[in-house]
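For reference, the structure is listed below as structure tokens.
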Amino acid sequence: MQAQQSSSMIAEAIKAELEQEATATRRLLEIVPEDRLTWKPHPKAMSLGQLALHIAVVQGAVAEATLNDTVSVPDFVHSEAESRDEILAAFDNSLKKAKEIISSTSDERALTEWKIVDGDRTVLAMPRASFWRTVMLNHVYHHRGQLSTYLRQLDIPLPSVYGPTADTSAQDLGLGELP
Ligand code: NI
55 MQAQQSSSMI
65 AEAIKAELEQ
75 EATATRRLLE
85 IVPEDRLTWK
95 PHPKAMSLGQ
105 LALHIAVVQG
115 AVAEATLNDT
125 VSVPDFVHSE
135 AESRDEILAA
145 FDNSLKKAKE
155 IISSTSDERA
165 LTEWKIVDGD
175 RTVLAMPRAS
185 FWRTVMLNHV
195 YHHRGQLSTY
205 LRQLDIPLPS
215 VYGPTADTSA
225 QDLGLGELP
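Residue numbers (the numbering used here): 55 to 233.
As structure tokens, then:
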């Protein structure tokens, strides 16, 4: 007899990935130099503090945006960060919120179409699961890579993300504790 399938397998997979990837993301946020938060590599780029805080808050904000079936176009305001503690606290809260919201979402609901609207106009429509995949997960990996380049330019030794860096040993794969 087949085991009964969970009705929230999508949520379980997303939550597992959130937890797995959070280790490397937090490791980078922990070494953001507090005295360089206003530094930016280009006049059009976000400052280091804006980028780090954006990475910190995005997962919770994305999960929260999918609580209802539609959401209005968000403001793309990138706040400046005042301190590393602020960034880390924001990350921990955001991750907790994202995991709570994802965990309570059934597969049926995860696969239901969800929309960003501007008044009567639909700006974007896709299943919640697709929005989580792209904007909650991939989006953070994009910015995490960007943060790595900021830290390199500021001469901060880089920890592993998916393998050794010029500052780590060849054995350090950055994948957390191996069993
Ligand atoms: Ni972004």
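C-beta: ideal position from N, C-alpha, C; glycine also.
Note that the coordinates shown come from a computational prediction; the quantities given were computed from them, not determined experimentally.
Discussion item. Taking only three categories from DSSP, how would you classify Lys153?
Written reply: The residue given as residue 153 occupies position 99 in the sequence shown. Helix at Lys153.
Item to complete: Return the bridge partner residues of Thr203 from the DSSP annotation.
Response: In the sequence shown, the residue the question calls residue 203 occupies position 149. Residue pairing from DSSP leaves Thr203 without any beta-bridge partner.
Worksheet item: Among Arg206, Thr124, Tyr216, Glu136, which residue has its Cα nearest to the Cα of Asp172?
Response: Counting from one through the sequence shown, the residue named residue 172 turns up at place 118. Of the listed residues, the one whose Cα sits closest to Asp172 is Thr124.
Worksheet entry | Length of the line joining the Cα atoms of Glu136 and Val111 | Counting from one through the sequence shown, the residue named residue 136 turns up at place 82. Counting from one through the sequence shown, the residue named residue 111 turns up at place 57. Cα to Cα, Glu136 sits roughly 14 angstroms from Val111.
Discussion item. Only counting the same chain, and skipping five residues up and downstream in sequence, which positions put a Cβ closer than 7 angstroms to that of Val52?
Written reply: Within the shown structure, residues of the chain are numbered from 55 to 233, placing residue 52 beyond reach of any answer.
Discussion item. Quick check on Ala119: does DSSP put it in helix, strand or coil?
Written reply: Within the sequence shown, residue 119 is the residue found at index 65, counting from 1. Helix.
Item to complete: Return the residue from the list Asn122, Thr77, His108, Leu72 that minimises the CA-CA distance to Ala144.
Response: Counting from 1 along the sequence shown, the entry for residue 144 is found at position 90. Checking every option, the nearest Cα to that of Ala144 belongs to His108.
Worksheet item: How is the alpha helix (DSSP H) around Leu72 delimited, first residue to last?
Response: Counting from one through the sequence shown, the residue named residue 72 turns up at place 18. Run containing Leu72: 63 to 83, per the alpha helix (DSSP H) assignment.
Discussion item. Can you tell me whether Thr222 is helix, strand or coil according to DSSP?
Written reply: As a first step, residue 222 must be located in the sequence shown, where it is residue number 168. If DSSP states are grouped into helix, strand and coil, Thr222 belongs with coil.
Worksheet item: When a residue counts only if its C-beta is closer than 6 angstroms to some heavy atom of the ligand NAP, which residues count, in chain order?
Response: Only the ligand NI can be found as ligands here, which leaves the ligand NAP out of the picture.
Discussion item. I need the straight-line Cα distance from Asn192 to Ser184, nearest angstrom please.
Written reply: Numbered from 1 along the sequence shown, position 138 holds the residue referred to as residue 192. Numbered from 1 along the sequence shown, position 130 holds the residue referred to as residue 184. Asn192 and Ser184: Cα-Cα distance of roughly 11 angstroms.
Worksheet item: In three-state DSSP terms, what is Trp186?
Response: Here residue 186 refers to the residue found at position 132 when the sequence shown is read from its first residue. Here DSSP, grouped into helix, strand and coil, assigns Trp186 to helix.
Discussion item. Within 8 angstroms, do at least three Cβ pairs link the stretch 79 to 91 to the stretch 142 to 157?
Written reply: The stretch 142 to 157, when compared against the stretch 79 to 91, does touch it at the 8 angstroms Cβ threshold.
Practice prompt. Could you have a look at Ile141 and say whether DSSP puts it in helix, strand or coil?
Written response: Here residue 141 refers to the residue found at position 87 when the sequence shown is read from its first residue. If DSSP states are grouped into helix, strand and coil, Ile141 belongs with the helices.
Discussion item. Give me, in chain order, the residues of the same chain whose beta-carbon lies closer than 8 angstroms to that of Ser133; leave out the 5 immediate sequence neighbours on both sides.
Written reply: One-based indexing of the sequence shown puts residue 133 at position 79. Sequence-distant Cβ neighbours of Ser133 in its own chain, meaning closer than 8 angstroms and more than five residues away, are Gln104, Leu107.
Worksheet item: Which stretch, first to last residue, makes up the alpha helix (DSSP H) that contains Glu162?
Response: Position 108 of the sequence shown, counted from the first residue, corresponds to residue 162. Start and end: 161 to 164.
Worksheet item: Would you call the stretch 60 to 73 and the stretch 148 to 159 touching, i.e. three or more CB-CB distances under 8 angstroms?
Response: Verdict: yes, contact present.
Worksheet item: From Thr222 to Thr77, what distance separates their C-alpha atoms?
Response: Taking the first residue of the sequence shown as position 1, residue 222 is located at position 168. Taking the first residue of the sequence shown as position 1, residue 77 is located at position 23. Looking at the backbone, the Cα of Thr222 and that of Thr77 are separated by about 16 angstroms.
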